[in-house]
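Participant: Please see the structure below; I have some questions.
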Amino acid sequence: MWSNLILLHSTDPISKPLDDSRLEVWKTCQRTLVFTDNRIFPMEGNERFFDGWEVYHGYDAYRFLLEVVSGLRSKLFGESEIQAQFRDRFREENTSGSNFGTSLLRLRDQILEHTKQIRSKYLVGIGRQTYGSVTESYLHNHKEVTLLGTGKLVDSILPYLVSKQKVVRLIGRNQNRLQELSALYPISTYHWEDYKPNNEAIIIASSFLPFNWDEMIKSSSIILDFRENKIENKNYDHYIPLSQILNDLHETDEQIQAVKMDLQYYLTELTREREEEQLHIMNGWEDLLV
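The sequence shown begins at 12 in this note's numbering and counts up one residue at a time.
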């Protein structure tokens with residue numbers, strides 16, 4: 012049914028955004044997807060890149076979109092927020108009134124139907140999937156959290172803390188990154204020199220740590236340390252080193268890997284069903300050129 016579907020995909024900022032009435036664009040915090048049809052935006056079926064974009068054709072495009080909306084390609088494996096974002100982007104009032112726009116609404120309905128099947132069949136009870144969700148498992152009783160660092164690890168942890176309505180303070184020395192992250196999330200930011208620990212949950216996501224360790228231990232309610240060089244002290248009962256965090260991740264990772272293997276077969280079956288429906292074209296999609 013979707014043999015002419017084309018998806019352009021990128022996880023990087025695009026220097027030249029596509030501006031064309033034949034295209035529908037969907038942006039999330041992790042990626043940008045552009046939807047079109049080969050009959051109104053011709054492209055060779057073997058073309059895999061277009062001006063810096065990855066290109067998916069036909070049923071490969073349908074499968075890729077299904078994986079995205081199901082959260083299978085998210086940093087937080089199986090997360091459900093992406094499904095709501097997809098549904099909201101393709102509400103009727105957010106698409107053009109063209110035949111192509113109408114067809115996208117049908118595509119939306121099929122993707123959401125299949126996403127529901129995938130989630131109920133494979134993603135219920137997956138548990139803690141990333142550093143962010145593991146972090147939350149330790150901090151569910153802590154409303155205020157201080158995150159030390161502005162590196163790549165923060166990109167994984169910060170969105171999850173915000174999604175759980177934590178009051179987050181981000182501490183770092185890279186002013187540009189502090190400004191960038193504060194523009195994306197409802198958080199407070201401070202330079203290292205302007206911060207003092209004060210009876211709070213602390214996440215260490217930076218190798219640079221200019222604070223007095225003993226003072227930090229005494230003034231914190233819990234410390235999660237993502238550094239390799241953990242502190243050896245049995246008296247620190249509220250200190251969680253990286254080794255303990257990784258043990259939790261390892262258990263969950265084995266569960267996720269087993270689910271991923273089953274999902275590959277199931278995704279193939281769902282996509283094959285769409286191909287077998289090729290002769291039963293819905294009104295609207297075939298009328299794109301009318």
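Cβ coordinates follow ideal geometry from the N, Cα and C atoms, glycine included.
#1: List the whole-angstrom C-beta distance separating VAL45 from LEU18, where the pair is believed to meet the contact cut-off of C-beta under 8 Å.
#2: Whose C-beta lies closer than 7 Å to the C-beta of THR282 among residues of the same chain, with five residues either side of it excluded?
#3: Provide the residue span of the beta strand (DSSP E) that contains ARG33, from first to last.
#4: Could you pull out every residue in the same chain whose Cβ sits closer than 6 Å to the Cβ of SER217, ignoring the five residues on either side in sequence?
#5: Using the Cα positions of THR224 and PRO208, report the straight-line distance between them to the nearest angstrom.
#6: Determine, using beta carbons only, whether ILE214 and THR106 come nearer to each other than 9 Å.
#7: What does ILE213 pair with, by DSSP beta-bridge criteria?
#8: Using a Cβ-based criterion (distance less than 8 Å to any ligand heavy atom), does LEU134 qualify as near the ligand PLP?
#9: Looking at C-alpha atoms only, which residue of LEU29, HIS20, GLU58 is the closest neighbour of GLN41?
#10: First and last residue of the alpha helix (DSSP H) that includes ILE129?
#11: By the 10 Å Cβ neighbour count, where 16 or more other Cβ atoms means buried, how is ALA212 classified, buried or exposed?
#12: Go through the region 170-230 residue by residue and report every complete run of the alpha helix (DSSP H) that reaches 4 residues or more, in order.
#13: What residue range is occupied by the uninterrupted alpha helix (DSSP H) comprising PHE75?
#14: Going by DSSP in three states, ASP248 sits in which element: helix, strand or coil?
#15: Any idea what DSSP makes of SER21, helix, strand or coil?
#16: Just tell me which of THR22, ILE51, GLU204 has its CA closest to the CA of ASN110.
#17: Are there 16 or more other CB atoms within 10 angstroms of the CB of THR279, so buried, or fewer, so exposed?
#18: Going by DSSP, what residue range makes up the beta strand (DSSP E) through PHE52?
#19: Under the three-state reduction of DSSP, which class applies to THR106: helix, strand or coil?
#20: With DSSP collapsed to three states, give me the class of THR47.
#21: Does the region 179-197 touch the region 113-131, meaning 3 or more C-beta pairs lie closer than 8 Å?
#22: If we ignore side chains and look at the alpha-carbon of each, how far apart do ASN15 and HIS68 end up?
#23: My output table needs one value for LEU16: the three-state DSSP class, helix, strand or coil.
#24: Which term fits PHE101, buried or exposed, when burial requires 16 or more other beta carbons within 10 angstroms of its beta carbon?
#25: Which word fits GLU90, buried or exposed, when buried means at least 16 other C-beta atoms lie within 10 angstroms of its C-beta?
#26: Just to confirm before moving on: does the CB-CB distance between LEU181 and THR157 stay below 9 Å?
#27: List the DSSP bridge partners of PHE60.
#28: Report all residues from its chain with a CB closer than 6 Å to the CB of PHE97; omit the five preceding and five following residues, and keep chain order.
#29: Determine which residues share a DSSP beta bridge with LYS271 and list them.
Facilitator: In terms of the structure at hand:
#1: Correct: roughly 7 Å between the Cβ atoms.
#2: Closer than 7 Å at the Cβ level, and outside the excluded window around THR282, lie TYR70, TYR73, ARG74.
#3: For ARG33, there is no enclosing beta strand (DSSP E), as DSSP marks it with neither H nor E.
#4: Excluding sequence neighbours, SER217 sits near LEU159, GLY160.
#5: A quick correction: the sequence has Trp, not Thr, at residue 224. Looking at the two C-alpha atoms, the distance is approximately 10 Å.
#6: no
#7: THR157, ILE234
#8: Inclusion of the ligand PLP in the displayed structure is not the case, the ligand content being empty and no account of it being possible.
#9: HIS20
#10: 110-129
#11: Buried.
#12: 186-195, 224-230
#13: 69-80
#14: coil
#15: strand
#16: ILE51
#17: Exposed, because fewer than 16 other Cβ atoms sit within 10 Å of the Cβ of THR279.
#18: Per DSSP, PHE52 belongs to no beta strand (DSSP E) and is neither H nor E.
#19: coil
#20: strand
#21: no
#22: 7 Å
#23: strand
#24: Around the C-beta of PHE101, 16 or more other C-beta atoms lie within 10 Å, and the residue is accordingly described as buried.
#25: buried
#26: yes
#27: GLU65
#28: Contacts found: VAL80.
#29: Answer is none; LYS271 lacks a bridge partner.
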